[in-house]
Amino acid sequence: MRISLPVVLFLLFSLLVDSSDLPDVPARPVSRAHAELTAYGFPIGLLPADVRGYSINATSGDFAVDLHGPCRLTLPPDNYLAAYSEKITGKIVRGRIARAGGDPGQALFPVVVHHRDQVERRDL
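Throughout the sequence shown, residue numbering follows mature numbering (1 follows the signal peptide of the UniProt record, and there is no 0), covering -19 to -1, 1 to 105 in sequence.
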């Protein structure tokens, strides 16, 4: 069996390079609001990254999320443009967000919106 020179060089180089010498790419820390969202069965990307704070009543499911300002983001799978106000409020239970509100006229949790009263989790 004959091994080509590029393969030998690659193997030698990989032995010389210690992966601990490579710079670590820091992962973006997950906010507590994002962790809470995933605990209720929703994807982390449903909220924008710039969450300033949040509160949730574990008994009733009433929540409020404060952002650093209004923002827009594009959500897969259909490239839905979501607009968020500075404060998002509503009620959350496993797999469902109801009464999502904020500034009138803005889409808040744009998974499936029924007259802005209820949002249901769909295949994301």
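Glycine included, C-beta positions come from ideal geometry on N, C-alpha and C.
Handout entry: Identity of the residues DSSP links to Thr55 by a beta bridge
Key = Within the sequence shown, residue 55 is the residue found at index 74, counting from 1. In the DSSP output, where bridge partners are listed per residue, Thr55 has Leu62.
Exercise for the section: Classify Thr40 as helix, strand or coil using the three-state DSSP reduction. Expected result: For the purposes of this step, residue 40 is taken as the residue at position 59 of the sequence shown. Here Thr40 sits in coil by DSSP.
Exercise for the section: Identify every residue that forms a DSSP beta bridge with Leu18. Expected result: In the sequence shown, residue 18 corresponds to position 37, counting from 1. DSSP lists no partner for Leu18.
Handout entry: Best match in Val11, Thr70, Thr19, Gly76 for proximity to Ala45 [C-alpha to C-alpha]
Key = Here residue 45 is taken as the residue at index 64 of the sequence shown, counted from 1. Looking at the Cα atoms, Thr70 is the closest of the given residues.
Practice task
For Ile73, count neighbouring Cβ atoms within 10 angstroms of its own Cβ and tell me buried if that reaches 16, exposed if not.
Solution key: Here residue 73 refers to the residue found at position 92 when the sequence shown is read from its first residue. Counting Cβ neighbours within 10 Å, Ile73 comes out buried, since at least 16 surround it.
Practice task
Measure the CB-CB distance between Pro24 and Leu54 and report whether it falls below 7 Å.
Solution key: For this step, residue 24 is matched to residue 43 along the sequence shown. For this step, residue 54 is matched to residue 73 along the sequence shown. The answer is no: Cβ separation not under 7 Å.
Handout entry: For Pro58, the nearest candidate out of Leu27, Glu17, His15 (CA to CA)
Key = Taking the sequence shown and counting its residues from 1, one reaches residue 58 at position 77. The shortest C-alpha separation from Pro58 is found at Leu27.
Problem - As assigned by DSSP and simplified to three states, the class of Pro85 - result: By 1-based counting over the sequence shown, the position of residue 85 is 104. Because Pro85 sits at a pLDDT of 37, beneath the cut-off of 50, its placement in the model cannot be relied upon, and the point is left open.
Exercise for the section: Return the CA-CA distance between Cys52 and Lys68, expressed in angstroms with no decimal places. Expected result: The residue given as residue 52 occupies position 71 in the sequence shown. The residue given as residue 68 occupies position 87 in the sequence shown. Roughly 11 Å between the two C-alpha positions.
Handout entry: Simplified DSSP assignment, three categories, for Tyr48
Key = On the sequence shown, residue 48 is found 67 positions in, with the first residue counted as 1. At residue 48 the sequence reads Leu, which differs from the Tyr that was named. Strand at Leu48.
Handout entry: Which of helix, strand or coil DSSP assigns to Arg75
Key = Within the sequence shown, residue 75 is the residue found at index 94, counting from 1. Reduced to three states, the DSSP call for Arg75 is coil.
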